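Beneath this line is the structure, given in structure tokens, with notes to follow.
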Amino acid sequence: MSTRRSVIIGTGSYLPQTVLSNDDLAARLDTSDAWIVERTGIRRRHIAAQGEFTSDLGAAAARNALDAAGLSASDIDLIVVATATPDQTFPAVATVIQHKLGMTHGVAFDVGAVCSGFLYALTVADALLVNGAYARALVIGAETFSRLLDWEDRATAVLFGDGAGAVVLEAQAQTGGSADRGVLASRLHSDGRYNDLLYVDGGPGSTGTTGHLRMKGREVFRHAVVNLASVMGEVLEAAGLTPADVTWLVPHQANLRILEATARKLDLSPDKVVVTVDRHANTSAASVPLALDTAVRDGRIQPGDLLLLEAMGGGFTWGAAAVRW
Numbered sequence: 019m020s021t022r023r024s025v026i027i028g029t030g031s032y033l034p035q036t037v038l039s040n041d042d043l044a045a046r047l048d049t050s051d052a053w054i055v056e057r058t059g060i061r062r063r064h065i066a067a068q069g070e071f072t073s074d075l076g077a078a079a080a081r082n083a084l085d086a087a088g089l090s091a092s093d094i095d096l097i098v099v100a101t102a103t104p105d106q107t108f109p110a111v112a113t114v115i116q117h118k119l120g121m122t123h124g125v126a127f128d129v130g131a132v133c134s135g136f137l138y139a140l141t142v143a144d145a146l147l148v149n150g151a152y153a154r155a156l157v158i159g160a161e162t163f164s165r166l167l168d169w170e171d172r173a174t175a176v177l178f179g180d181g182a183g184a185v186v187l188e189a190q191a192q193t194g195g196s197a198d199r200g201v202l203a204s205r206l207h208s209d210g211r212y213n214d215l216l217y218v219d220g221g222p223g224s225t226g227t228t229g230h231l232r233m234k235g236r237e238v239f240r241h242a243v244v245n246l247a248s249v250m251g252e253v254l255e256a257a258g259l260t261p262a263d264v265t266w267l268v269p270h271q272a273n274l275r276i277l278e279a280t281a282r283k284l285d286l287s288p289d290k291v292v293v294t295v296d297r298h299a300n301t302s303a304a305s306v307p308l309a310l311d312t313a314v315r316d317g318r319i320q321p322g323d324l325l326l327l328e329a330m331g332g333g334f335t336w337g338a339a340a341v342r343w
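The following block contains the structure:
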């Protein structure tokens, strides 16, 4: 029996030109390259230029994804953008990107789940394609997280960077089995009890200011490893697969130690983990599609590969998806 699946037919990414190294940070903070690398695995990050906005990053990544798919913006009828750093309180970044791509048709909206945002956006777009509402979608994760940072706080300032990643999804008829191309299964979770472990201390409805990111790193690490391992197990079970079937783990790039610990929970070899945190740092909702595009373009990801995508962010929110390339 034929089943409608959302198939990724193109990926793209964009990183701002300005690179901030650990040594650059050490010149202004009580830290060092060795200290940052040992605790996080991060060596550098990209920072958006003055006047360069989240929508600019997202639109550039979207154009690259469209080029990879051999399509134009006129072929897209849905845009879902995951971001925690919109250009403005409103309108949605997605509608700004829609305009920058020259689109006057279709629908565009944002989802907010911080670092899990791309998994949330992918799941929403997948549902809308599978039910026949739309034919092709751009799913974008884009962030200028540098603008939320307290640059005097070495515990958080060293962790984040700016960037954007995008995928083009197309609804295609498949057989309905685990060998199908496309999104095979996804699972999302949230638990608002842990708001105070990872949050921004401002907002338009409370302080009237943007605020700065605050985090209790040890507690976040502990929850991340447990929650991510659990949701990845759920997704594989839902897809009728096992960890042995996974070709590549494409995780949220928060911290190298979290990536390694999560892989161990599923008995996945480190060789199966796509790692970009050393070059990009934590780009929040952009990190999964950035890592995905990196591995697609360098040839690691090949047709038929099973990808396991995962992320956890403030809220807490977390999720995973099994995708056949």
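Its first residue numbered 19, the sequence shown is counted upward by one per residue in the working numbering. C-beta: ideal position from N, C-alpha, C; glycine also. Model, not experiment: these values are computed from the prediction.
What does a CB cutoff of less than 8 Å around S287 pick up in its chain, not counting 5 residues either side in sequence? Excluding sequence neighbours, S287 sits near A281.
Under 8 Å between the Cβ atoms of G322 and V186? With respect to the 8 Å criterion, G322 and V186 are not classified as neighbours on the basis of their beta carbons.
Beta-carbon gap between S196 and A338 smaller than 8 Å: At the C-beta level, S196 and A338 stay beyond 8 Å of one another.
Output needed for I357: all residues of its chain with C-beta closer than 8 Å, excluding positions within five of it in sequence on either side, in chain order. The structure shown has nothing for residue 357, since the chain only spans 19 to 343.
Should Q320 be labelled buried (16 or more other beta-carbon atoms within 10 Å of its own) or exposed? An exposed status is given to Q320, since fewer than 16 other beta-carbon atoms sit within 10 Å of its beta-carbon.
For D214, which of G135, G331, V148 and L259 has the nearest alpha-carbon? For the residues G135, G331, V148 and L259, the minimum Cα distance to D214 belongs to G331.
Specify the secondary structure class of R232 as computed by DSSP and reduced to three states. Strand.
Is the region 232-250 close to the region 295-311, with three or more CB pairs under 8 Å? Taking 8 Å as the limit for Cβ pairs, the verdict is that the region 295-311 does not touch the region 232-250.
Leaving out the 5 sequence neighbours to the left and right, which residues in its chain are closer than 7 Å to T72 when beta-carbon positions are compared? Excluding sequence neighbours, T72 sits near T101, T103, P104, D105, V111, A160, E161 and T162.
Under DSSP, the beta strand (DSSP E) around S204 begins and ends at which residues? Residues G200 to S208.
How close, in whole Å, do the beta carbons of A126 and I97 come, if the pair is a contact with beta carbons under 8 Å? Here A126 really is in contact with I97; their C-beta atoms are around 4 Å apart, less than 8 Å.
Is A338 near the ligand NAD, judged by its Cβ being under 7 Å from some heavy atom? The model depicted lacks the ligand NAD and carries no ligand whatsoever.
Going by DSSP, what residue range makes up the alpha helix (DSSP H) through D74? D74 -> alpha helix (DSSP H) spans T72 to A87.
Pull up the distance between the alpha-carbon of V291 and that of A329, whole angstroms please. C-alpha separation (whole angstroms): 13 Å.
Once you ignore the five residues that flank A67 on each side, which residues in its own chain have a CB closer than 8 Å to its CB? Hits under 8 Å: P34, Q35 and T36.
To which residues does DSSP link N300 through a beta bridge? Under DSSP, the beta-bridge partners assigned to N300 are F178.
Rounded distance between the beta-carbons of A340 and L206, thought under 8 Å: Between L206 and A340 the beta-carbon gap is near 13 Å, outside 8 Å, which marks them as no contact.
Inter-residue spacing [alpha-carbon to alpha-carbon] between T260 and R236: For the pair T260 and R236, the Cα-to-Cα distance works out to about 30 Å.
Less than 6 Å between C-beta atoms, sequence neighbours within five positions excluded: which residues of the same chain meet that for K118? Once the five neighbours on either side are set aside, the close Cβ partners of K118 are A77.
Buried or exposed by the 16-neighbour rule on C-beta atoms within 10 Å, applied to N273: With at least 16 other beta carbons inside 10 angstroms of its own, N273 counts as buried.
Whole-number beta carbon distance between H241 and F334, since they are thought to touch under 8 Å: About 6 Å separates the beta carbons of F334 and H241, which is inside the 8 Å limit, making them a contact pair.
Pick from H123, G124 and Y138: whose alpha carbon is nearest that of G130? The candidate whose alpha carbon is nearest that of G130 is Y138.
Nearest-angstrom Cα distance between D296 and G210? Between the alpha carbons of D296 and G210 lies a gap of roughly 30 Å.
Can you tell me whether DSSP reads L140 as helix, strand or coil? Of the three classes helix, strand and coil, the one that applies to L140 here is helix, per DSSP.
Output the residue ranges of the beta strand (DSSP E) runs that lie fully inside the region 99-177 and measure 3 residues or longer, sorted by chain position. Runs of the beta strand (DSSP E) inside the region 99-177: 125-129 and 154-162.
Is it right to say R63 is buried, meaning 16 or more other beta carbons lie within 10 angstroms of its own, or is it exposed? Buried: at least 16 other Cβ atoms inside 10 Å.
Helix, strand or coil for I276 per DSSP? Per DSSP, reduced to three states, the secondary structure at I276 is helical.
Express the C-alpha separation of A45 and P269 in angstroms, rounding to a whole number. Distance between the alpha carbons of P269 and A45 is about 31 Å.
Which residues does DSSP list as the beta-bridge partners of G221? Within the DSSP bridge table, the entry for G221 names T227 as partners.
Per DSSP, what kind of secondary structure is L259 in: helix, strand or coil? Judged by DSSP in its simplified three-state form, L259 adopts coil rather than helix or strand.
Proximity winner among D198, V132, I94 and D128, relative to A151 (alpha-carbon distances): A151 has its Cα closest to that of I94, out of D198, V132, I94 and D128.
Going by DSSP, what residues sit across from I65 in a beta bridge? In the DSSP assignment, I65 forms a beta bridge with T36.
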